[in-house]
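**Q** In our numbering, the protein residues as written are -17 to 317. Structure in structure tokens, see below.
Here you go:
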């Protein structure tokens, strides 16, 4: 029986994934990755694995997680950027560790409880949208490399969350950023030594509008906070001068976006196709937008006729062609 290493929390998604994989004939080995998890969370994962009668392992990734995710999170906010820790964690922590541990155990396949699919075209592997359009997590997985995709299974790709929710008595789901554990992110930043000196709030014409209480407390598009008046939106955060620029909502509409540090499956496909859309910030006021893409330095210039609303430096921009993820990158500028 072929084995598969499954990222496992013991929650609804990973438990369902384990059951599906076993029904497909795989011998499931569960791996719980300790990314600053509570002892209760670890005990739950071990207990549920035992109930499922599957082999269970625990991997201590706490130091690695602090370095690659928590420190990054704090550093980005201190720089006036809006970080995306879940995207970064999937690339650098979860799937990377799954691959490493699978190799050490002699296991070919890896899997998680993510809602997405994988498709192969012309010898290349693509992340593809899951059937559940509400739960689809393809947006967060653009950074996975070909080796990872070539060995990954997607047990939740055809599953609707609504179909499995009634099967569990405990339907609680982890919401938000896991390591915040429900705390305001600003409280977490202060506890981790991020300095928040006061500074100026400026209008678009450079006139003084007020004072802020630390740029890390503000994000692009924000409309509430110390020093923000009625109708004000944060339209720029200048960490070099420790100031925030405010303006009207219309100033947040951007037609040109610049991305860098990209992971692209097929560069020629990206540059020559006329049906590519992008997704930024996942949900909300930015549906998928049709774009034109050109090379620009070490990244890409992305132009869209329908303006993107409130793009923020440090956020992912993901390229789609129909249901396939062609890749993505990090927003570094816009106009």
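Yeah, the Cβ is synthetic: ideal placement off N, Cα and C, and Gly gets one too.
Measuring CB to CB, does residue 91 end up less than 7 Å from residue -14?
**A** The count along the chain shown starts at 1 and reaches residue 91 at position 109. The count along the chain shown starts at 1 and reaches residue -14 at position 4. Yes. Within cutoff.
**Q** Rounded to the nearest angstrom, what separates residue 74 and residue 243 at their Cα positions?
**A** Along the chain shown, one-based indexing puts residue 74 at 92. Along the chain shown, one-based indexing puts residue 243 at 261. Looking at the two C-alpha atoms, the distance is approximately 14 Å.
**Q** Is the separation between the beta-carbon of residue 293 and that of residue 239 shorter than 7 Å?
**A** Mapped onto the chain shown, residue 293 falls at position 311. Mapped onto the chain shown, residue 239 falls at position 257. The answer is yes: Cβ separation under 7 Å.
**Q** Look at the alpha carbon of residue -8 and the alpha carbon of residue 19, and state the distance between them as a whole number of angstroms.
**A** As a working mapping, residue -8 is identified with position 10 in the chain shown. As a working mapping, residue 19 is identified with position 37 in the chain shown. If you take the alpha carbons of residue -8 and residue 19, they lie about 13 Å apart.
**Q** Pull up the distance between the alpha-carbon of residue 16 and that of residue 41, whole angstroms please.
**A** Looking up residue 16 in the chain shown gives position 34. Looking up residue 41 in the chain shown gives position 59. Each residue's Cα considered, the two are about 6 Å apart.
**Q** When DSSP labels each residue in this structure, what does residue 8 get in the three-state scheme?
**A** Taking the chain shown and counting its residues from 1, the one referred to as residue 8 is at position 26. In this structure, residue 8 counts as coil in the three-state DSSP scheme.
**Q** Give every residue of the same chain whose Cβ lies closer than 6 Å to the Cβ of residue 282, excluding the five residues on either side of it in the sequence, and list them in chain order.
**A** Residue 282 sits at position 300 when you count from the first residue of the chain shown. Excluding positions up to five away in sequence, the list reads 241 and 275.
**Q** For residue 241, name the three-state secondary structure that DSSP assigns.
**A** Here the question's residue 241 lines up with position 259 in the chain shown. Of the three classes helix, strand and coil, the one that applies to residue 241 here is strand, per DSSP.
**Q** Between the C-alpha atoms of residue 264 and residue 121, what's the straight-line distance to the nearest angstrom?
**A** For the purposes of this step, residue 264 is identified with residue 282 of the chain shown, where counting begins at 1. For the purposes of this step, residue 121 is identified with residue 139 of the chain shown, where counting begins at 1. Interpretation of residue 264 is limited by its pLDDT of 47, a score under 50 that renders its predicted location unreliable; no figure is taken from the coordinates.
**Q** According to DSSP, which residues form a beta bridge with residue 92?
**A** Position 110 of the chain shown holds residue 92. Bridge partners of residue 92: -13 and 134.
**Q** Can you tell me whether DSSP reads residue 24 as helix, strand or coil?
**A** For the purposes of this step, residue 24 is taken as the residue at position 42 of the chain shown. In the structure shown, residue 24 sits in a helix (DSSP, three-state: H, G or I).
**Q** Closest to residue 105 by C-alpha separation, out of 259, 296, 248 and 300, would be which residue?
**A** Locating residue 105 in the chain shown gives position 123, where the first residue counts as 1. Comparing Cα positions, the closest option is 248.
**Q** Sort 223, 277, 174 and 89 by Cα distance to residue 53 and report the nearest one.
**A** Taking the chain shown and counting its residues from 1, one reaches residue 53 at position 71. The shortest Cα separation from residue 53 among 223, 277, 174 and 89 belongs to 174.
**Q** For residue 284, I'd like the list of residues in its chain whose CB is within less than 8 Å of its CB, leaving aside the five on either flank, ordered along the chain.
**A** Reading the chain shown from its first residue, position 302 is the one you call residue 284. Same-chain partners within the cutoff: 238, 239, 240, 241, 260, 273, 274, 275 and 299.
**Q** Comparing alpha-carbon positions, which option in 58, 204, 13 and 26 lies nearest residue 94?
**A** Here residue 94 refers to the residue found at position 112 of the chain shown. Considering only alpha carbons, the answer is 13.
**Q** Below 8 Å, can you find three or more Cβ-Cβ pairs linking the region 58 to 66 to the region 197 to 211?
**A** Touching, yes, given that three or more Cβ pairs across the two stretches are closer than 8 Å.
**Q** Output yes or no for whether 7 Å exceeds the beta carbon distance between residue 25 and residue -10.
**A** Counted from its first residue, the chain shown places residue 25 at position 43. Counted from its first residue, the chain shown places residue -10 at position 8. Their beta carbons are not under 7 Å apart, which means residue 25 does not touch residue -10 by this criterion.
**Q** Would you mind stating whether residue 113 and residue 140 have Cβ atoms separated by less than 7 Å?
**A** Working through the chain shown from its first residue, we reach residue 113 at position 131. Working through the chain shown from its first residue, we reach residue 140 at position 158. Contact flag set, yes.
**Q** Hey, would you say residue 235 sits closer than 7 Å to residue 289, going by beta carbons?
**A** Position 253 of the chain shown, counting from 1, holds the residue named residue 235. Position 307 of the chain shown, counting from 1, holds the residue named residue 289. It is a contact, given that the beta carbons lie within the stated cut-off.
**Q** Where do the N-terminal and C-terminal ends of the beta strand (DSSP E) with residue 298 fall, by residue?
**A** Start at 1 with the first residue of the chain shown, and residue 298 comes out as number 316. Where residue 298 is concerned, the enclosing beta strand (DSSP E) stretches over 298 to 303.
**Q** Skipping 5 residues on each side, what residues in its chain have a beta carbon closer than 6 Å to that of residue 224?
**A** Position 242 of the chain shown, counted from the start, is the residue given in the question as residue 224. Here the set comprises 181.
**Q** Which word fits residue -4, buried or exposed, when buried means at least 16 other C-beta atoms lie within 10 angstroms of its C-beta?
**A** Along the chain shown, one-based indexing puts residue -4 at 14. Per the 10 Å Cβ criterion, buried.
**Q** Start and end of the beta strand (DSSP E) containing residue 101?
**A** Within the chain shown, numbered from 1, the residue matching residue 101 stands at position 119. Here the beta strand (DSSP E) through residue 101 covers 98 to 103.
**Q** Grab me the residues of residue 1's own chain with a C-beta within less than 7 Å of its C-beta, minus the 5 sequence neighbours each way, in chain order.
**A** Against the chain shown, residue 1 aligns to sequence position 19. For residue 1, where only same-chain residues beyond five positions count, there are no Cβ hits under 7 Å.
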